[in-house]
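A.B. asks: Below is the structure I would like to discuss, written out as structure tokens.
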Amino acid sequence: MLETAVQNLRTETASFSELLYVTMSAKDPEGGSSFVHEFLPQVCFQRRVHEKYAWEYWISSHLFHGFENAFFGLPHLDMFNAVSNPERYRADCFLAFQEMSTKSSSTDEMAQTILQCSRFREFCRTKFLQVITSCLEHVLFGNFYHSCAIIAHGKFPSNVHHVFHRFLVVAKAVWILHKLAWSFEPPARIFWATPAMHYDGAIMESVMASEDLEKTYDLAKVAFVIAPGFCVRNTIVRRSQVYLISESANVKFSGDVEESQMLAASSIHAMAQVSTIQRVTT
430 MLETAVQNLR TETASFSELL YVTMSAKDPE GGSSFVHEFL PQVCFQRRVH
480 EKYAWEYWIS SHLFHGFENA FFGLPHLDMF NAVSNPERYR ADCFLAFQEM
530 STKSSSTDEM AQTILQCSRF REFCRTKFLQ VITSCLEHVL FGNFYHSCAI
580 IAHGKFPSNV HHVFHRFLVV AKAVWILHKL AWSFEPPARI FWATPAMHYD
630 GAIMESVMAS EDLEKTYDLA KVAFVIAPGF CVRNTIVRRS QVYLISESAN
680 VKFSGDVEES QMLAASSIHA MAQVSTIQRV TT
């Protein structure tokens, strides 16, 4: 069940990042590349089309921030139930997962879900303003209608742009996955591979075909992390998704990776050695 939810999220994220990449390229062929190189200046892509993976990195890094917190660390959401009655909170999380999983992702259904669930609404509001910066919004939408409605009135616009709708679909997938993760005891955890680390198939999966690298995976290192991996207790459910570059590539990596978004790669690798890596299919 958890693996299915992770795969669904990755599918939706890839679709949304592709939409952003294509839309930005169509509106300003150089603008999209310029934006990518602002937050990944150290990466030289094997192919220009690989910039879509940078968009996935951008989306995931914001949407997963706070995932290890029961309420994503959002200031408007209280932690009382999670702390005072964790067993009840786990049951509530699983119920919320089941209920939202049955809802369609149509524009009308999403509008109703946002209207009925204040916590999900706050999550979407916060993450939208992080993922879609004012610069991106102007290029993608041609105006600031969406952010103005969200910031000034605390609600979502009635005339929804298709890019905004696709964002909500991804946000919903993250929210559902978070609810499912927190229904476990202990909660399912995320981990991030480390940039510049040599490729390790036990904890990483590459988004690239081996022919896209000058050499084999054994001689490759992580340029950036596209999506976190997931583990339950000592079992790795899904490996962290990474974009690889050749070991010979001359790249300087930034060391300021947020500790809250990753577990030390060495500890994850050790955990994988302690127990046989199994794929959770329940």
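Residue numbers for the sequence shown, in our numbering: 430 to 711.
Built from N, CA and C at the ideal position, the CB exists for glycine as well.
Decide if the region 519–536 is in contact with the region 603–620; the criterion is three or more beta carbon pairs, one per stretch, under 8 Å apart.
C.D. replies: yes
A.B. asks: Could you tell me which of W487, A434, K456 sits nearest to V671, measuring between CA atoms?
C.D. replies: W487
A.B. asks: Report the rounded CA-to-CA distance for Y482 versus F620, giving the unit in angstroms.
C.D. replies: 18 Å
A.B. asks: Taking C-beta to C-beta, are V651 and L492 nearer than 8 Å?
C.D. replies: Contact flag unset, no.
A.B. asks: Please determine, among T536, A499, I579, the residue with the shortest C-alpha to C-alpha distance to E614.
C.D. replies: Nearest C-alpha to E614 among T536, A499, I579: A499.
A.B. asks: Taking 8 Å as the threshold (C-beta atoms), are M633 and S669 in contact?
C.D. replies: S669 is a Cβ neighbour of M633, given a cutoff of 8 Å.
A.B. asks: Which same chain residues end up closer than 6 Å to G684 when comparing Cβ atoms and leaving out the 5 residues on each side of it in sequence?
C.D. replies: Because G684 sits at a pLDDT of 44, beneath the cut-off of 50, its placement in the model cannot be relied upon, and the following sentence gives the value as read from the coordinates. None.
A.B. asks: I605 and S547: beta carbons closer than 8 Å?
C.D. replies: no
A.B. asks: Is A617 near N437, with beta carbons less than 8 Å apart?
C.D. replies: no
A.B. asks: Distance, Cα to Cα, T433 vs E538?
C.D. replies: 22 Å
A.B. asks: Jot down the residue ranges of each uninterrupted beta strand (DSSP E) in the region 466–550, minimum 3 residues, whole runs only, in chain order.
C.D. replies: none
A.B. asks: Is E485 near S462, with beta carbons less than 8 Å apart?
C.D. replies: no
A.B. asks: Is it buried or exposed, T623, if we count other Cβ atoms within 10 angstroms and call 16 or more buried?
C.D. replies: With a threshold of 16 other beta carbon atoms within 10 Å, T623 meets it and is buried.
A.B. asks: Which of the three DSSP states is assigned to I665 in this structure?
C.D. replies: strand
A.B. asks: Expressed to the nearest angstrom, what Euclidean distance is found between the alpha-carbon atoms of S454 and I543?
C.D. replies: Rounded to the nearest angstrom, the two C-alpha atoms are 31 Å apart.
A.B. asks: Could you give the distance in angstroms between the alpha-carbon of Q475 and the alpha-carbon of H466?
C.D. replies: Their backbone Cα atoms lie some 14 Å apart in a straight line.
A.B. asks: Check whether the Cβ atoms of V636 and I655 sit closer than 8 Å, and answer yes or no.
C.D. replies: yes
A.B. asks: Cα-Cα, which of L558, S489, L469 is closest to S446?
C.D. replies: S489
A.B. asks: Which one of F570, S534, N514 has the shortest CA to CA distance from E441?
C.D. replies: S534
A.B. asks: Could you give the first and the last residue of the continuous alpha helix (DSSP H) run that contains E447?
C.D. replies: 431–456
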